[in-house]
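Using the working numbering, the first residue of the sequence shown is number 645, and each one after it goes up by one. In this text, a Cβ means the ideal position worked out from N, Cα and C, and glycines have one as well. Here the structure comes first, spelled out in structure tokens, and everything after it is commentary.
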Amino acid sequence: MTRTEPIGLLALAGFASGSGMRLLDPLLPGVAADLEVSVARTSALIAAFMLPYGLGQVILGPLGDRMGKLRVVCTALLLYGACVLACAAAPSLATLVALRAASGLFAGAVIPLLLAHLGDVVPYEERQGTIGRFLTGMVMAQMLTGPASGVIGEYGGWRSSFLVLGALAVGIGALLLRHFGRLLWRAPIRSAPRTQGLVAYLALLSRPAGRWLLICAFFDGLCLFGGAFPFVGAFVIQEFGLRAGFAGMVVAFFGLGAFLYTRFARGLVRRFGERRLLFGGGLGLAVFLGALAAAPNWQAAAAAQFVMGLLFYMFHGVLQARATEALPEARGTAVSAFALALFLGQTVGSIAFAAVLSAIGYREGFAAAAIGVALLSVYARRGLR
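Encoded structure:
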């Protein structure tokens, strides 16, 4: 490592940008009532954030490589915070949708480019442990944002939740500017012309390791991010008669397992190595997806969620580390391509899994996802070099 990186501050930046994804989960009824529209119409606010976040990777990665990753991250985080603050003053649903789209685009620059930055400055043998610590911010965003936003929204209205997150993002952006100072305005080291822009994407696709990575990311998103994971809450509500708030607590056990990974990632890599983490994490996920499919009560489902949180990041963490090394001369582009493949898989997976659930039910759907993850684990292990 060329200098000590402020991992805690970078994790906070990841927390702020990741919180945008979960902020509205408990607020949609309040937004609908205030803007005098149906709750169904406010669901557009979720897609308005996620689509620019995912599709924007096409331009954000190359922009970070060209302009400097930290420079783009700081600028994007400040603009993201400004857009979130503006959401609090939105007079109509149309305005709020537009501001959510802008905030999603800017948020999409933060985590991928910070991962690429860590790839630039952290030696590979230390990288997965460092990335694990950095991911604490994203994991905590997934765990805490929904409940915190709900409490703030209940007592101060939905606009207060946007004000708090917007102020947090702007404040963290200002701290990053202060910490890195003049480093942000140094000209980035230019990669060769053959690895800039669209050519960099083609260079990534021309490499077997690059194609392997993107295929793994796509099916990771299809089977897990868009497949099994988003439907666990609905499953425990329908199967075990839980209230929505209690179901959210069951789902949150996944975050506890993920947090455990962030604390021990460095030791796990040193003890087991990437190949065993990838294969063991993937096969373990398949086993516990099967356990979830067969869960006799909500307690068993919560236990499966906890273990899956740990196993998922054992598997996914190896892929993230490999993404930072897939195209060293254009890391921003490579990590953004990884994020884009994950997003596309998530999109396809959400549609496919919803159809599977309608046809055969939750338990059978989770069993199908388990088979898919097992096959993905075998493929991933064979392709890991």
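Nearest candidate by alpha-carbon position, reference residue i, set the options
i	options	result
alanine 909	Ile775, Leu656 and Ala733	Ile775
arginine 851	Gly885, Ala996 and Leu971	Leu971
proline 706	Ala981, Ala1024 and Ala930	Ala981
leucine 695	Ala660, Leu821, Ala730 and Gly752	Gly752
phenylalanine 875	Leu857, Ala847, Phe862 and Val894	Val894
leucine 857	Ile881, Ala983, Ala948 and Ala818	Ala983
alanine 1014	Phe997, Leu723 and His761	Phe997
alanine 985	Gly700, Leu654 and Ile690	Gly700
glycine 712	Gly871, Gly870, Trp829 and Ile1004	Trp829
arginine 771	Gly854, Gly815 and Arg966	Arg966
glycine 1043	Gly934, Ala937, Thr739 and Phe959	Given a span of 645 to 1029 for the chain in the structure shown, any question on residue 1043 remains unanswerable.
glycine 1027	Leu900, Ala861 and Gly976	Ala861
alanine 746	Ala792, Ser661 and Ala844	Ser661
serine 687	Gly652, Phe659, Leu722 and Ala738	Ala738
leucine 653	Arg907, Val951, Phe824 and Gly928	Phe824
glycine 664	Gly917, Leu743, Ala676 and Gly865	Leu743
histidine 761	Arg975, Val1022 and Ala1003	Arg975
glycine 801	Val843, Ala676 and Arg710	Ala676
leucine 759	Asp709, Ala734, Gly797 and Leu723	Asp709
phenylalanine 890	Pro791, Ala937 and Arg855	Pro791
Residue span of the alpha helix (DSSP H) that contains residue i, given as start and end
i	result
serine 687	From DSSP, serine 687 is part of no alpha helix (DSSP H); its letter is neither H nor E.
isoleucine 844	Checking the displayed sequence, the identity of residue 844 turns out to be alanine instead of isoleucine. Residues 842–850.
arginine 744	737–751
threonine 977	975–1004
aspartate 709	701–711
aspartate 764	754–765
phenylalanine 879	876–884
glutamate 918	888–937
valine 675	672–679
glycine 643	The requested residue 643 is not part of the displayed model; the chain covers only 645 to 1029.
alanine 967	942–967
Residue burial classification, residue i (beta-carbon count within 10 angstroms, cutoff 16)
i	result
proline 837	For proline 837, the predicted model reports a pLDDT of 46, less than 50, meaning its position is unreliable and no value from the coordinates is stated.
proline 670	buried
valine 1081	Because the chain in this structure spans residues 645 to 1029, residue 1081 falls outside the shown range and cannot be described.
leucine 656	buried
proline 673	exposed
glutamine 786	buried
serine 805	buried
proline 940	exposed
serine 682	exposed
tryptophan 942	buried
alanine 1011	buried
valine 913	buried
glycine 1009	buried
glutamine 882	exposed
methionine 645	Its pLDDT being 43, under 50, methionine 645 is placed unreliably by the model, and the measurement read from it follows with that caveat. Exposed is the call here.
tyrosine 799	exposed
proline 767	exposed
proline 756	buried
serine 1021	buried
serine 1030	No statement about residue 1030 is possible, as the shown extent of the chain runs from 645 to 1029 and does not include it.
alanine 734	buried
field: Any alpha helix (DSSP H) of 4 or more consecutive residues that is wholly inside the region 775–818
entry: 780–800
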